[in-house]
Each structure stands twice: as C-alpha cells, then as structure tokens.
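The structure appears right after this line, and notes come after that.
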Amino acid sequence: MKINLLIFLIITFFSGCLSTIPTPQDREKTLISLKNKEFSLVNIQTSYFPLLSLQKNIKNCENKDLKVYIEGDGLSWITRTTISSNPTPITPTALKLMNQDSSECKVYLTRPCQYLDSSECSKKYWTSNRFDSKVIKTFDEALNSLKNSYKNKSFTLVGYSGGAAIAALVSSQRDDINRFISVAGNLDTFKWTSIHNISTLDGSLNPADFTKELENIEQYHLIGNQDDNIPKEVFLSYRSKFDRKDKINYRYFDATHNCCWEEPYKKFLQELK
70 MKINLLIFLI
80 ITFFSGCLST
90 IPTPQDREKT
100 LISLKNKEFS
110 LVNIQTSYFP
120 LLSLQKNIKN
130 CENKDLKVYI
140 EGDGLSWITR
150 TTISSNPTPI
160 TPTALKLMNQ
170 DSSECKVYLT
180 RPCQYLDSSE
190 CSKKYWTSNR
200 FDSKVIKTFD
210 EALNSLKNSY
220 KNKSFTLVGY
230 SGGAAIAALV
240 SSQRDDINRF
250 ISVAGNLDTF
260 KWTSIHNIST
270 LDGSLNPADF
280 TKELENIEQY
290 HLIGNQDDNI
300 PKEVFLSYRS
310 KFDRKDKINY
320 RYFDATHNCC
330 WEEPYKKFLQ
340 ELK
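Residue 70 is where the sequence shown starts when you use my numbering, and the numbers rise one by one after that.
So this is what it looks like as structure tokens:
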C-alpha cells in the first residue's frame with residue numbers, strides 16, 4: 070500500500086511539473102504577441118528544414134546590411150534526463166532582442182523544428198546534432214533566400230545562446246558577413262559540456278574549431294556575469310583559440326542566461342552606433 074502511494078505521489082509530482090510547461094500552441098501565441106505588427110510570419114523552405122521567420126515588406130535594404138536574429142536552443146530538455154518532444158521556446162529571447170533594435174533592415178529566424186514540423190525533425194536535432202552540418206546548411210540556404218529577396222549587400226548575424234553557435238558557424242563559411250554578435254552565446258560546445266559534466270555534442274560542429282575562418286570577422290560578445298548555464302569560461306575558452314584577437318570585442322553585463330537582456334542589449338546597440 071505504501072509503495073502504491075509512493076508511486077502515485079511520484080507520478081502526481083512529475084505530472085504537475087509537466088503541466089506547467091506551455092503547450093506548443095501557447096508558445097506560438099507568445100511569439101505572435103511579441104512580434105511587431107509590421108512583421109509577417111514567413112516560412113523559408115530549404116533543402117533540409119523549413120525555418121519560420123518574421124519579416125517586413127521593405128524595399129530599401131538593397132545594397133545595405135541586413136541584420137538577422139537567430140533564436141536559441143529553445144525547450145530542448147524537460148529535465149536533465151528527459152528530452153523535450155518539441156523544442157519551440159517558451160520565451161523567444163532573440164525576438165525580444167530584435168524588438169530593441171531600431172534598424173529597418175532586420176529579420177528573425179527560428180531554429181529547425183521550432184514552431185514548424187518537418188519529416189526531418191528528430192530529437193537529435195535539438196540535442197546532440199543541434200549544430201550539425203545539415204543545420205548549418207539550412208541557415209546558409211535561408212540567408213541566400215533572404216539575400217535574393219532583400220538584395221542586401223551583407224549580413225550582421227545576432228545569435229542568442231545556441232543561436233550564437235549557429236551565427237559563428239555560418240559566418241565561418243560565408244564571405245558576406247559584416248559582423249556577428251553573440252548574446253549569452255555557446256561558442257565552445259566542448260567547454261560547455263565539460264563544465265556541466267554532460268555528454269558532448271558528438272553530432273555537432275563546434276565554433277571554437279573554426280577560429281581561423283572567423284579571425285577576420287568583426288565580433289561582439291555580450292556575456293552575463295550571472296549566467297550559470299553558459300558562464301564566461303565558455304567564451305574565454307573560445308577566445309583563447311584565436312591567434313589574432315583584435316576583431317573580438319566583448320563585455321560583461323548584469324544578466325543571467327535567461328534574464329534580463331533587453332535593456333543591456335538596447336544600450337549596447339546605442340553605443341555601437
């Protein structure tokens with residue numbers, strides 16, 4: 070009887086935890102509530118994954134720099150040992166960052182399998198293979214599609230959390246990246262997994278392995294001094310891999326991983342101008 074009661078209590082506890090997680094539909098409603106009214110939802114088709122984007126109908130970005138915001142890893146895990154069935158973020162932080170940006174030429178990109186389903190979607194693409202070559206090629210094709218639409222000259226890539234790894238890896242393979250900006254960025258995945266004593270991302274590329282390709286690209290890195298998820302040691306390990314460090318700019322801010330980046334980022338953009 071006591072054993073049955075214990076099992077009941079355990080099931081009730083975990084059911085309660087799971088019930089507090091917003092449904093994918095609720096998470097989509099959050100995205101829509103945060104987007105500015107002049108932006109429309111646009112699906113970008115690639116050879117691998119479709120990506121949901123937020124875009125404006127702007128015709129004055131020709132030969133200019135287009136800023137592309139790349140979302141973080143989203144809800145990859147429910148617990149330390151339970152993988153999420155849907156990686157759509159509870160809070161689309163990269164969108165909240167874009168909302169602080171007064172630039173006219175800007176686009177928001179989600180990650181594979183966030184908000185949109187695909188036959189290619191499997192849990193490895195938001196866990197071990199979140200930064201694999203297929204994912205990077207997806208973003209490369211997405212940028213080509215945007216460039217075809219906007220006729221822009223170059224890109225500035227802004228990545229939050231795991232989106233920063235995407236920004237770095239895509240930047241390492243293109244010749245039209247003006248600069249890339251990371252916010253609480255995971256720029257050395259091996260160092261990150263080592264700090265947390267978790268399995269390495271064996272199916273993924275690591276930005277820290279592409280420093281030679283990145284050393285001539287202007288970089289700005291915003292680091293939360295209270296970030297326990299991606300602490301400063303991850304960035305410092307990434308930076309240490311560069312022979313030339315003159316293009317690497319970084320600052321520490323009073324922020325955790327998930328909170329509160331909007332005001333620091335807005336201030337950073339004002340100073341960057």
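Beta carbons: idealized from backbone N, C-alpha and C, even for Gly. Keep in mind it's a predicted model, so treat the numbers as computed, not measured.
Going by other Cβ atoms of all chains shown within 10 Å of its Cβ, with 16 needed for buried, is residue i buried or exposed?
| i | result |
| --- | --- |
| E340 | exposed |
| I76 | Legend: pLDDT at I76 = 42, less than 50; position of this residue unreliable, value from coordinates given subsequently. I76 should be labelled exposed. |
| R180 | buried |
| K260 | buried |
| T148 | exposed |
| H326 | buried |
| A324 | buried |
| T89 | exposed |
| Q183 | buried |
| I292 | buried |
| E302 | exposed |
| D95 | exposed |
| H265 | exposed |
Taking 7 Å as the cut-off, decide whether the C-beta atoms of residue i and residue j are in contact.
| i | j | result |
| --- | --- | --- |
| A222 | N132 | Before going further, note that residue 222 is Lys rather than Ala in the sequence given. Yes, Cβ-Cβ distance for K222 and N132 is below 7 Å. |
| L270 | S197 | yes |
| N155 | P93 | yes |
| Y334 | L166 | yes |
| V239 | D209 | yes |
| N247 | T225 | yes |
| V252 | Y219 | no |
| Q169 | E331 | yes |
| T207 | F304 | no |
Pull the bridge partners of residue i from the DSSP assignment, please.
| i | result |
| --- | --- |
| T225 | K136 and R248 |
| H290 | S251 and Y319 |
| Y177 | L123 and Y138 |
| V204 | Looking at the DSSP assignment, V204 forms no beta bridge with any residue, so it has no partner. |
| I152 | W146 |
| V303 | Its beta-bridge partners do not exist; DSSP assigns none. |
| N112 | L121 |
Which whole-angstrom value is the C-beta distance of residue i and residue j, which I expect to be below 8 Å?
| i | j | result |
| --- | --- | --- |
| Y307 | A277 | 5 Å |
| K136 | S172 | 5 Å |
| G231 | R199 | 6 Å |
| Y194 | S122 | With 8 Å as the limit, Y194 and S122 do not qualify as a contact, their Cβ atoms being about 18 Å apart. |
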